[in-house]
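A quick write-up on the structure given underneath.
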Amino acid sequence: MNPTTVLAPRTAPASTRRAKPLLLRPTAKPVLFVLCLLPLAWLVYGAIANTLGANPAEALIRSTGDWTLRFLCVTLGVTPLRQIGKLPALARFRRMLGLFTFFYGCMHFLCYGWLDMGFVWGDIVRDIAKRPFILVGSSALLLMSPLALTSFNRAIKALGAPRWQLLHRLVYGVVLLGLLHFFWMRSAKHNYAEVAVYAAIVAVLLGWRLWARFGPRRAARSA
Amino acid sequence: MHFLKDRGFVHAHSSEITPAAAYAGRRDMLKLLATGAAGATLAAWAGRDALAQVARPDKLAAMPGARSAVAGAVTMEKTTPYVDVVGYNNFYEFGTDKSDPAQNAHTLKTRPWTVSVEGAVKKPKVFDLDELLKLAPMEERIYRLRCVEGWSMVIPWVGYSLSELIKRVEPTGNAKYVEFVTLADPKTMPFVGSRVLEWPYVEGLRLDEAMHPLALLSFGLYGEVLPNQNGAPVRMVLPWKYGFKSGKSIVKIRFVEKEPSTAWNKAAKNEYGFYSNVNPSVDHPRWSQATERRIGEDGLFAKKRPTLMFNGYEAQVGQLYAGMDLKKNY
Numbered sequence: 021m022n023p024t025t026v027l028a029p030r031t032a033p034a035s036t037r038r039a040k041p042l043l044l045r046p047t048a049k050p051v052l053f054v055l056c057l058l059p060l061a062w063l064v065y066g067a068i069a070n071t072l073g074a075n076p077a078e079a080l081i082r083s084t085g086d087w088t089l090r091f092l093c094v095t096l097g098v099t100p101l102r103q104i105g106k107l108p109a110l111a112r113f114r115r116m117l118g119l120f121t122f123f124y125g126c127m128h129f130l131c132y133g134w135l136d137m138g139f140v141w142g143d144i145v146r147d148i149a150k151r152p153f154i155l156v157g158s159s160a161l162l163l164m165s166p167l168a169l170t171s172f173n174r175a176i177k178a179l180g181a182p183r184w185q186l187l188h189r190l191v192y193g194v195v196l197l198g199l200l201h202f203f204w205m206r207s208a209k210h211n212y213a214e215v216a217v218y219a220a221i222v223a224v225l226l227g228w229r230l231w232a233r234f235g236p237r238r239a240a241r242s243a
Numbered sequence: 026m027h028f029l030k031d032r033g034f035v036h037a038h039s040s041e042i043t044p045a046a047a048y049a050g051r052r053d054m055l056k057l058l059a060t061g062a063a064g065a066t067l068a069a070w071a072g073r074d075a076l077a078q079v080a081r082p083d084k085l086a087a088m089p090g091a092r093s094a095v096a097g098a099v100t101m102e103k104t105t106p107y108v109d110v111v112g113y114n115n116f117y118e119f120g121t122d123k124s125d126p127a128q129n130a131h132t133l134k135t136r137p138w139t140v141s142v143e144g145a146v147k148k149p150k151v152f153d154l155d156e157l158l159k160l161a162p163m164e165e166r167i168y169r170l171r172c173v174e175g176w177s178m179v180i181p182w183v184g185y186s187l188s189e190l191i192k193r194v195e196p197t198g199n200a201k202y203v204e205f206v207t208l209a210d211p212k213t214m215p216f217v218g219s220r221v222l223e224w225p226y227v228e229g230l231r232l233d234e235a236m237h238p239l240a241l242l243s244f245g246l247y248g249e250v251l252p253n254q255n256g257a258p259v260r261m262v263l264p265w266k267y268g269f270k271s272g273k274s275i276v277k278i279r280f281v282e283k284e285p286s287t288a289w290n291k292a293a294k295n296e297y298g299f300y301s302n303v304n305p306s307v308d309h310p311r312w313s314q315a316t317e318r319r320i321g322e323d324g325l326f327a328k329k330r331p332t333l334m335f336n337g338y339e340a341q342v343g344q345l346y347a348g349m350d351l352k353k354n355y
C-alpha cells in the first residue's frame, strides 16, 4: 500500500482539530480585543507624535472611516469563513468584531463632528442635510446602533432568536450604505480604485450568502 | 459696586500685526549688539529688507526674488512650513493622494523646457526656460493659497506677473481668453493614463484676469527653484482663485477668442466653474466653502478659520468681476 494515500485524508481534519483549541482558548478573546484596539492606538500615537502628515484632522477622519469599513468586512467574513473552513469556534468572535465596527464608526463620526465641525451641532445638522454622502454615512451609523444595543445575550433572549436575527440582517443595509458613502466621497476625485477593492470584497461576502441560501447545493445540503 | 462695561476686544487687522520674522529679527539684532559683533553684520542686516524675508530650506538651487511692490502681493501671515508645502500636493499626473506627487514627481524632466506662446498674438514665440527666467526681474510674493477642498497655505513664491510675458507677445483684438496647457507625458507622469481627468490638464483665464498684476508666473518657492511636485519648472499662481486654477508644469500658453474648456469643468461642470474664484458664500455642491483649515498651523482641535471673499484679495481683484452674478459665474 502507498502510505501517502492513507495519510492524506487524515492530515486534513487533523489541521482543523488543531486550530479549534487555539480559537477556544480563554486568552483568544482578550488577544483579539487588543488586536482590534491597535488601529486606534496607532492613530492616537500619530496625533500626539504629529506623524499624521500635513493635515492630521483629515487623516484621522479618513483612517477611522477606513477602519470602520475594514472591521465591517471582517465581521461579515466570520460566517463564510466559519462554514467554509469548518471552524465553528469563529462564531465566538463575531460579536466583538461587530461591536468594534460600531466603535470605529462612532470614532469616525466623533472625528468628523469634532475636528471638521468643531461640535457646532447646528452646523453638523445642516451639513448632514446638505451633503448626501454624509447623510448616507450617518444613516449607516444610525442603522448600526440597534445592532450594538441588542448585542448582549439577554437581548437575544428577550427578542427571541428569529426576531433578533431578522433585526441583525440590517448589517447588509449598513455595509451597502457604507460603500455608497465611500464611493460618493471618492467621487470628488473620480478615484474609485480603493472603492472597487472594498466593493469586490463586499460582493464576495454577500454573494456567498446568496449562493449559500439559493444556490444549487442548497437542496443537496438540506436533504 | 461699579463695574466697567466690557466693550469686547477690538481685533487688530492681521496685516497690522508685526510678522514673527520681523520681531525675531529685531531680537537677533539686539543679541548681536549685546555681543559686540554688530559692526560687520549691521550693513547686511539693514539691507535684508530688499531681499526675501523667508529662509531658504537649502534643498534645491537658489532662486532669489526681490520683495514684490505689487499691491497685496506680500501677506504678513505666517508662511506654511516648507515640508508641508512640498509634501501635501494635488498634482494628479503623479497620483491622487496628497503624498503621491512628492513620491513620484522625481521622474519629471524640467530641462530642456520650452513654453510655446501662441494663438491670437502678434508675436508668437517658443520660449526656452532660460529666456523666461530672464524675461523680467524675479519677485518674492507671499500669497495665501486656498484649495477647493477646504484647506489653505501661505506660500512664498518667486516669479513675475504674467502680464510681463503677455505684453511681449502683443495679443490681438481676438484674444479674449488665455489657455494654459500643462505637460502630459505618460513616460514621466505615471497617472496621465488614469481616467480621473482628461489629459493634458488645461486651465484658463479671461484676458483681463491674466493681465492682473497678482496673476503670477512662478518659477520658485521659498527662495529656491520649484520642486517637481509643486509644478516645476514654471507654473501659474492665482491667489484669489481655488488652487486648481493654477496650472503646473506649463508647456503652452494660447490666446483664444472663446472660453477655454478647462480640465475640472469638463470633469464636473456643476462643481467646478470656469471662474472658480474663492467665495465663502458659494458652496461646493458637496461641501461648504465658508471655512478652511490652515495646513501646519491650525491645531488638530482648533476651529477652522473663515474663508475670505476672493481669498482676501477682494480689494485688488474685486473690480474684475463688478456687476457679475458670482453665484451663477462660480
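In order, the protein sequence lines correspond to chains L and Y. When the first sequence is numbered by this note's numbering, its final residue is 243 and no position is left out of the sequence of numbers. When the second sequence is numbered by this note's numbering, its final residue is 355 and no position is left out of the sequence of numbers. Every residue, glycine too, gets a C-beta built ideally from N, C-alpha and C.
Residues in its own chain within less than 6 Å of residue i by CB, not counting five upstream and five downstream?
i      : result
K159/Y : none
F122/L : M164, A168
C56/L  : F120
G256/Y : K273, S274
V307/Y : K352, Y355
L129/L : Correcting the residue identity first, residue 129/L is Phe in this sequence and not Leu. Cβ neighbours of F129/L beyond the five flanking positions: L161.
V195/L : L92, V222
In the DSSP assignment, find the alpha helix (DSSP H) that holds residue i and state where it starts and stops.
i      : result
G118/L : 114-131
P181/Y : First-last for P181/Y: 176-186, but that is the beta strand (DSSP E), not the alpha helix (DSSP H).
M205/L : 190-206
V51/L  : 48-69
T207/Y : Taken as a continuous stretch (DSSP letters only), T207/Y belongs to no alpha helix (DSSP H), being part of the beta strand (DSSP E) at 202-207.
First and last residue of the beta strand (DSSP E) that includes residue i?
i      : result
F244/Y : 241-246
E143/Y : 139-144
D143/L : It is not in any beta strand (DSSP E) - D143/L instead sits in the alpha helix (DSSP H) that spans 141-150.
K150/Y : 150-153
K277/Y : 275-281
L7/Y   : Outside the shown range of chain Y, which is 26 to 355, sits residue 7/Y, and nothing can be said about it.
L165/Y : Looking at the sequence shown, residue 165/Y is not Leu but Glu. Counting along the chain, the beta strand (DSSP E) containing E165/Y begins and ends at 164-171.
Can you check whether the C-beta of residue i is within less than 8 Å of a C-beta belonging to chain L?
i      : result
G64/Y  : Interpretation of G64/Y is limited by its pLDDT of 48, a score under 50 that renders its predicted location unreliable; the figure taken from the coordinates is listed afterwards. No, G64/Y does not count as interfacial toward chain L.
G321/Y : yes
F326/Y : yes
A200/Y : no
I109/Y : In the sequence on display, residue 109/Y carries Asp and not Ile. Closer than 8 Å to some Cβ of chain L, the Cβ of D109/Y qualifies, so yes.
S274/Y : no
V221/Y : yes
Please confirm whether residue i and residue j have their CB atoms less than 8 Å apart.
i      : j      : result
L361/Y : A77/L  : Outside the shown range of chain Y (26 to 355) lies residue 361/Y, about which nothing can therefore be said.
A200/Y : V146/Y : yes
A130/Y : S186/Y : no
A235/Y : W224/Y : no
V303/Y : R166/Y : no
I278/Y : V142/Y : yes
L71/L  : Y124/L : Here residue 71/L is Thr; the residue named in the question, Leu, does not match the sequence. For T71/L and Y124/L, no; Cβs fall outside 8 Å.
A91/Y  : P196/Y : no
Can you list, in chain order, the residues of its chain with a C-beta nearer than 7 Å to that of residue i? Leave out the 5 residues immediately preceding and following it.
i      : result
Y132/L : I81
W228/L : P100
N295/Y : P310
G9/L   : With chain L running from 21 to 243 in the structure shown, residue 9/L is simply not present.
N114/Y : K123, P126, A127, Q254, N255
P331/Y : P305, A315, T316
G72/Y  : At G72/Y the pLDDT is 43, less than 50, meaning the model places this residue with poor confidence and gives no usable figure here.
G118/L : T95, L167, S171
Q341/Y : A96, G97, L239
L200/L : V156
Would you check whether the ligand MG has a heavy atom nearer than 7 Å to the C-beta of residue i?
i      : result
P310/Y : With respect to the ligand MG, the structure shown offers nothing to examine, as it has no ligands at all.
Please tell me whether residue i has its Cβ less than 8 Å away from any Cβ of chain Y.
i      : result
R151/L : yes
D86/L  : no
P76/L  : yes
P23/L  : Reliability fails at P23/L, whose pLDDT of 44 lies under 50, so the model's placement of it is uncertain and the value that follows must be treated cautiously. With 8 Å as the cut-off, P23/L does not count as an interface residue toward chain Y.
L89/L  : no
H210/L : yes
A67/L  : yes
W62/L  : no
G198/L : no
G138/L : yes
F202/L : no
W134/L : yes
G73/L  : yes
Tell me which residues share the same chain as residue i and place their Cβ nearer than 8 Å to its Cβ, disregarding the 5 neighbours each side in the sequence.
i      : result
V194/Y : V142, V146, K147, K148, P149, K150, F280
field: Touch test, the region 273-293 of chain Y against the region 195-204 of chain Y, Cβ-Cβ under 8 Å, three pairs minimum
entry: yes
field: Three or more C-beta pairs below 8 Å linking the region 86-99 of chain L and the region 107-121 of chain L
entry: yes
query: Is the region 98-109 of chain Y touching the region 171-187 of chain Y, taking contact as three or more C-beta pairs under 8 Å?
result: Remark: three or more beta-carbon pairs, one from each stretch, lie closer than 8 Å, so the region 98-109 of chain Y and the region 171-187 of chain Y are flagged as touching.
message: So, does the region 204-213 of chain L touch the region 145-157 of chain L, judging by three or more C-beta pairs under 8 Å?
response: yes
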